[in-house]
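Trainee:
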Amino acid sequence: MEPLIDQSGPKVGLALMPEPEFARAAFPLFAAGEVEVAEWSFDVLWDGTPAPDWLAALLDEYEAAGRLLGHGVSYSIFTAGNEERAEAWCAHLAEECRGRRYRWVSEHFGFMSAGDFHRGAPLPVPFTAAFLALGRQRLERMAAAAGLPVGLENLAFAFGLDDVRRQGDFLDALLAPVDGFLLLDLHNIHCQARNFDLSTDDLLAAYPLERVRELHLSGGSWSEAAGETVRRDTHDGPVPEEVFPLLAHALHVCPHVEAVIFEHLARGLPDEESHDRFRADFRRMAGLVHEFPAC
Amino acid sequence: MSSQPAELARLAAFQATMLTTLHAGHDPDAMRASLLRSATDPALAEYVCGFDDRMLIVAAELVRKWGVRPDAEPTGHGDRRAH
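Spelled out as structure tokens, the structure:
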């Protein structure tokens with residue numbers, strides 16, 4: 000497979016969503032050839048729900064071009080016990096990768112399943128020997144099942160400063176045995192910086208930036224908790240102004256970025272105003288990426 | 000390197016208690032106390048002691064909104080990518 004990055008630099012793309020609202024917002028970008036690479040969360044339709052025709056066509060198109068990235072959402076690498084669940088997910092991943100050609104496959108740092116909760120939002124775990132061993136084992140299985148490079152995305156949510164300060168080292172230790180890549184979500188960095196009063200530059204410096212192959216850009220929202228506002232990675236709002244210079248900085252300090260993906264959930268795209276904002280945020284992201292000096 | 004089955008079982012029990020506690024919880028002090036009672040070793044206990052009140056409240060909302068159990072649906076349907 001030819002390299003994703005070439006003389007024109009990293010490729011810009013979208014995280015595909017199966018809802019019609021996403022299609023309406025994104026169609027002008029696809030029609031104009033502005034979406035250079037696509038990311039697909041393959042496991043969201045493992046329940047048997049058929050992909051709409053337009054989505055299937057996009058997946059086929061980007062697959063044929065060698066520009067399709069896989070991004071799972073339900074593996075839950077840190078769920079202790081329940082090996083049957085992990086094995087079943089990996090078996091399904093192997094089948095997915097036999098049926099569709101992805102460049103690489105990523106998942107999320109965290110756990111979402113335990114006890115009788117079999118799905119949810121990912122939560123962090125402490126950086127202990129036991130969780131490190133578990134995470135490495137799960138990544139090795141994922142890599143074996145996919146037969147592709149595998150990576151992990153940093154998590155926005157943190158229970159406290161320990162989670163924030165150690166996530167970079169934890170990710171590096173997890174990825175090293177499989178020579179995996181880091182999917183660096185810049186809005187997630189922004190959330191932690193805002194929630195814990197830290198500098199985004201300092202946070203970035205604590206991550207294994209040489210492992211970054213893919214960047215995520217998105218928006219979010221605010222919640223109230225204990226009398227304070229908390230920044231949330233809800234993927235349903237505009238990209239905060241501060242995240243664009245963070246993208247420019249990340250492109251300079253992450254020497255191996257190949258793809259920059261804009262994420263936006265369909266529920267945040269109810270009308271033309273939101274569609275216009277979606278396309279404006281994508282084009283602003285693309286402009287910054289295309290301005291970046293190519294190799 | 001792999002963890003012993005007994006250790007994994009303890010971690011699994013802690014995680015299950017965490018999700019159950021968060022799903023039912025609203026008061027950060029009460030949630031933290033419940034999690035400390037289930038922390039099976041000093042490292043887990045130290046970890047829980049560092050939990051921020053705001054983030055416990057947010058985590059509880061996340062589990063109530065997105066957590067799926069076999070006999071119930073989450074309040075947030077679909078959209079598994081947002082936190």
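Protein chains in written order, with numbering that gives the first Met the number 0: chain Y, 0 to 294; chain S, 0 to 82. Backbone N, C-alpha and C define an ideal beta-carbon position, used for all residues, glycine too.
Along chain Y, which residues have their Cβ under 8 Å away from the Cβ of T20/S?
Mentor: Ordered by position in chain Y, no residue passes the 8 Å Cβ test against T20/S, which lies about 10 Å from the chain.
Trainee: For the region 146 to 165 of chain Y, enumerate the residues whose C-beta is nearer than 9 Å to any C-beta of chain S, in chain order.
Mentor: Those residues of the region 146 to 165 of chain Y that come within reach of chain S (Cβ to Cβ, closer than 9 Å) are L154, A155, F156, A157, F158, G159, L160, D161 and D162.
Trainee: May I have a chain-ordered list of the alpha helix (DSSP H) segments no shorter than 4 residues that lie completely inside the region 15 to 75 of chain S?
Mentor: Here the runs fully enclosed are 27 to 37, 41 to 48 and 52 to 65.
Trainee: Look up H70/Y in the DSSP assignment and give the residues it is bridged to.
Mentor: S105/Y, per the DSSP bridge assignment.
Trainee: What's the C-alpha gap between F195/Y and L160/Y?
Mentor: Cα to Cα, the separation comes out at about 7 Å.
Trainee: Run through the region 125 to 202 of chain Y for me and flag every whole beta strand (DSSP E) of 3 or more residues, listed as ranges in chain order.
Mentor: Fully enclosed beta strand (DSSP E) runs of 3 or longer: 149 to 152 and 180 to 184.
Trainee: Spatial neighbours of F26/Y within its chain, please: CB distance less than 8 Å, with the 5 preceding and 5 following residues excluded, ordered by chain position.
Mentor: Answer for F26/Y: no residue qualifies.
Trainee: Closer than 8 Å, CB to CB, is R68/S near chain Y or not?
Mentor: R68/S counts as touching chain Y.
Trainee: Residues of chain Y with CB closer than 7 Å to the CB of G24/S, please, in chain order.
Mentor: Going along chain Y, no residue has its Cβ under 7 Å from G24/S, so there is no contact; the nearest lies around 13 Å.
Trainee: Which residue from G179/Y, E18/Y, L246/Y and E62/Y puts its Cα closest to that of S217/Y?
Mentor: Closest option to S217/Y, Cα to Cα, is L246/Y.
Trainee: Are any of the Cβ atoms in chain S nearer than 8 Å to that of P125/Y?
Mentor: Output row for P125/Y: interface = yes.
Trainee: Determine the DSSP secondary structure at L13/Y, reduced to helix, strand or coil.
Mentor: Looking at L13/Y - three-state DSSP - the assignment turns out to be strand.
Trainee: Beta-carbon within less than 7 Å of L268/Y's beta-carbon, same chain only, minus the 5 sequence neighbours each way: which residues are those?
Mentor: If we look at L268/Y and ignore the five residues flanking it on each side, its Cβ neighbours are E20, F21, A24, H274 and F277.
Trainee: Can you tell me which of the three DSSP states G8/Y falls into?
Mentor: Correct three-state label for G8/Y: strand.
Trainee: Going along chain Y in order, which residues have a C-beta closer than 8 Å to the C-beta of A58/S?
Mentor: What A58/S touches in chain Y: L122, F156 and F158.
Trainee: Excluding the five sequence neighbours on either side, which residues of its own chain have a C-beta within less than 7 Å of the C-beta of C89/Y, listed in chain order?
Mentor: Excluding residues within five positions, the ones whose Cβ falls inside 7 Å are R140, M141 and A144.
Trainee: In or out: E241/Y buried (at least 16 other Cβ within 10 Å) or exposed?
Mentor: Counting Cβ neighbours within 10 Å, E241/Y comes out exposed, since fewer than 16 surround it.
Trainee: To the nearest angstrom, how far is it from the Cα of L67/Y to the Cα of I4/Y?
Mentor: If I take the Cα positions, the gap works out to 13 Å.
Trainee: Just mark H107/Y as buried or exposed, buried being the case when its beta carbon has 16 or more other beta carbons within 10 Å.
Mentor: Buried: at least 16 other Cβ atoms inside 10 Å.
Trainee: Quick one: using the 10 Å Cβ neighbour count with 16 as the cut-off for buried, is M0/S buried or exposed?
Mentor: Low local confidence applies: a pLDDT of 49 at M0/S is under 50, so the model's placement there is unreliable, and no value is given.
Trainee: Using alpha carbons as the reference points, say which of Y74/Y, C96/Y and G80/Y lies closest to L58/Y.
Mentor: Residue C96/Y is the option with its Cα nearest to L58/Y.
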